[in-house]
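Going down the list, the sequences are from chains E and W.
Residue numbering for the first sequence is 1 to 256, as defined by the UniProt record's numbering.
Residue numbering for the second sequence is 1 to 256, as defined by the UniProt record's numbering.
Using N, Cα and C, we set each Cβ at its ideal position, and we do this for glycine too.
Since this is a predicted model, take the numbers as computed values, not measurements.
Below is one structure, written out as structure tokens; comments come after it.
Number of protein chains: 2
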Amino acid sequence: MLSNIRIVLINTFHPGNVGAIARAMKNMGLTNLYLVDPNDYPSDEATSRAAGAVDLLENATIVSTLEEAIGDCSLVIGTSARHRTFQLPIMNARECAQTVIPESKEHDVAIVFGRETTGLLNEEIAQCHRQVYIDANDEYPVLNISQAVQIVAYEIWMANQNQTQYDKNVAEYPRKKDMDLFYDHLEETLYGINFIVRNHPGKVLDKLHRFFNRSRPEKQELGILRGVLAAVQREAGLTDANNHPDKKAKSDSDKN
Amino acid sequence: MLSNIRIVLINTFHPGNVGAIARAMKNMGLTNLYLVDPNDYPSDEATSRAAGAVDLLENATIVSTLEEAIGDCSLVIGTSARHRTFQLPIMNARECAQTVIPESKEHDVAIVFGRETTGLLNEEIAQCHRQVYIDANDEYPVLNISQAVQIVAYEIWMANQNQTQYDKNVAEYPRKKDMDLFYDHLEETLYGINFIVRNHPGKVLDKLHRFFNRSRPEKQELGILRGVLAAVQREAGLTDANNHPDKKAKSDSDKN
């Protein structure tokens, strides 16, 4: 079950941190490490700091974009300092673990950590469903990244040991890439009905992304929403009903 | 109160660990660091890893024996791997924190960490009142010392926050009756574009209700969603743009 939980590190700068994180993960039963475009890696320093967890480094998945790291995950959680609000639902590490454990029985879950100095970019957090922060001293709240991973992993381990407390029914959620297809379809439809102007979309699309990411439609609900969009396109004369919207070139929607 | 809790490190070998521990402590509101006969200290590596917690290093108390470090403490807790029993009462880190917080109101408390490779000697554990271990993966349970201090300090911080803080910003949400107007508008639009059949709506409307109620759109988001519905109606020729949908008789939507 813990194998469905992946730790995703974006643009790590110090390879020693990657090694320390591998050890911290293995100490807490996590094995699934994704590295997005790491600096200076592989490295002897990472191997040394990993100690008995070199196997995690050897099996780590190295990709060049965040999208590749989270595309097949149905729950994506971004880490952030406490007071940074992107207006996504935010949990502390303990609440996060209580959410992650039951969901990891059903589908893949990603917990994403940003760069050592600057954390996650807004456009990276925008790809997440939830945020997690670590309770800490307000006067000096920023942990070293390997310490932050250690605490998140520790809380996951603790929640997994006590999991009967958190058992609940988990809905079936779409994968990240299916949500992306929905967003493409939504955008195309909103252009088609002249709700937004191409090249001047303003903030409406961002706000709708944020709303739907926060809302986390279930798989069946997403199917209904896609059906609504297809019906709108059909009624507004935007598309041939037999032409699947995923395959439709965006320029088609300009035709009305 | 947290200033009555001291972290005692015995014979640390890597000065970088001392720096990482200073940072981990300060992140969790602990300030009181004792070093018993540290190797290669002070050191630039310790200062570098301490980041914003250099003040803890500068104020650390350096002594040559464990006795000097714990003499004035009324509760001394030694860290150990889980299965090492010295026939002292043993607690995990969470239980330890719940013991330490109330006691630290009354007297000084020490938490003692042993050497990186060999931990505490039996004669050192014999000077403790209690043992603490960190819950971890049985197949690889030994944490880096700075990670172990981080978790113990984190649990102390969490236990000290005996009330959860709900200081987050609360968004402006629509009133129930505004949500009802949205649902009317949605239903009317879905009939209009023939997504649902009047008198045979099936369960789709119920599912959409459930989705949007769970999602709790904020006031501004609801405005955008209403705008989308109005644009759909306009493009599909369902309504005069000047005719406010709230005031529109439902039978109008049958006209196409």
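Determine the closest residue to residue i out of the options, with distance taken between C-alpha atoms.
i	options	result
E:A53	W:A51, W:I145, W:P141, W:R6	W:P141
W:E103	W:T47, W:A148, W:E45, W:H129	W:H129
E:Q161	W:D44, W:A81, W:K176, W:D138	W:D138
residue 273 of chain E	E:I90, E:R234, E:A126, E:Q150	Outside the displayed range of chain E (1 to 256) lies residue 273 of chain E, so it cannot be described from this structure.
E:M28	W:G202, W:N144, W:G237, W:M28	W:N144
W:I134	E:D180, E:M1, E:W157	E:W157
W:R226	W:K207, W:A153, W:L121, W:L186	W:L186
residue 265 of chain W	W:E172, W:E221, W:E116	For residue 265 of chain W there is no data in the structure shown, the boundaries of chain W being 1 and 256.
E:V132	E:L208, E:A24, E:L88, E:D180	E:L88
E:I151	E:R234, E:R49, E:E67, E:N92	E:N92
E:G78	E:V204, E:V109, E:L190, E:Y191	E:V109
E:K207	W:A50, W:A51, W:L208, W:L222	W:L222
W:T65	W:D55, W:R94, W:Y34	W:Y34
W:L190	W:R23, W:I90, W:A230, W:T31	W:A230
W:I62	W:N32, W:S80, W:S48	W:N32
residue 257 of chain W	W:S80, W:L56, W:E58, W:L238	This structure cannot speak to residue 257 of chain W, because chain W is shown only from 1 to 256.
E:T12	E:T99, E:V149, E:H107	E:V149
Going along chain C, which residues have a C-beta under 9 angstroms from residue i?
i	result
E:K26	The structure shown contains no chain C; its protein chains are E and W.
Output the boundary residues of the beta strand (DSSP E) element that contains residue i.
i	result
E:F113	109-113
W:V18	It is not in any beta strand (DSSP E) - W:V18 instead sits in the alpha helix (DSSP H) that spans 15-27.
W:V152	Careful: W:V152 lies outside any beta strand (DSSP E), inside the alpha helix (DSSP H) at 145-160.
E:T61	61-63
E:V8	5-10
E:V36	32-36
W:V142	First-last for W:V142: undefined, no H or E at that position.
Since residue i and residue j are thought to touch, with beta carbons under 8 angstroms apart, how far apart are those beta carbons, to the nearest angstrom?
i	j	result
W:V8	W:V112	4 angstroms
E:I10	E:L120	7 angstroms
W:A69	W:V36	5 angstroms
W:V232	E:V232	5 angstroms
E:I5	W:E235	About 44 angstroms separates the two Cβ atoms, so there is no contact after all.
E:A97	E:A159	4 angstroms
W:M1	W:K105	6 angstroms
E:A46	E:P15	4 angstroms
E:V204	W:I224	6 angstroms
W:E123	W:G114	About 12 angstroms separates the two Cβ atoms, so there is no contact after all.
E:L30	E:A171	Actually they are not in contact, since the Cβ atoms of E:L30 and E:A171 sit about 24 angstroms apart, beyond 8 angstroms.
E:V228	W:F211	With a Cβ gap of about 11 angstroms, E:V228 and W:F211 do not count as contacting.
Would you give the residue range spanned by the alpha helix (DSSP H) that residue i belongs to?
i	result
W:N92	No alpha helix (DSSP H) holds W:N92; the beta strand (DSSP E) holding it covers 90-92.
W:I77	Run containing W:I77: none in the alpha helix (DSSP H); it sits in the beta strand (DSSP E), 75-79.
E:R49	44-50
E:V54	54-58
W:I134	No alpha helix (DSSP H) contains W:I134, which DSSP labels as neither H nor E.
W:A69	66-70
E:E123	122-125
Output the residue ranges of the beta strand (DSSP E) runs that lie fully inside the segment 188-236 of chain W and measure 3 residues or longer, sorted by chain position.
-> none
contact_flag[the segment 35-50 of chain E, the segment 73-80 of chain E] where n(CB pairs < 8 angstroms) is 3 or more | no
Segment contact flag, the segment 203-221 of chain E with the segment 208-223 of chain W, C-beta cutoff 8 angstroms, min 3 pairs = yes
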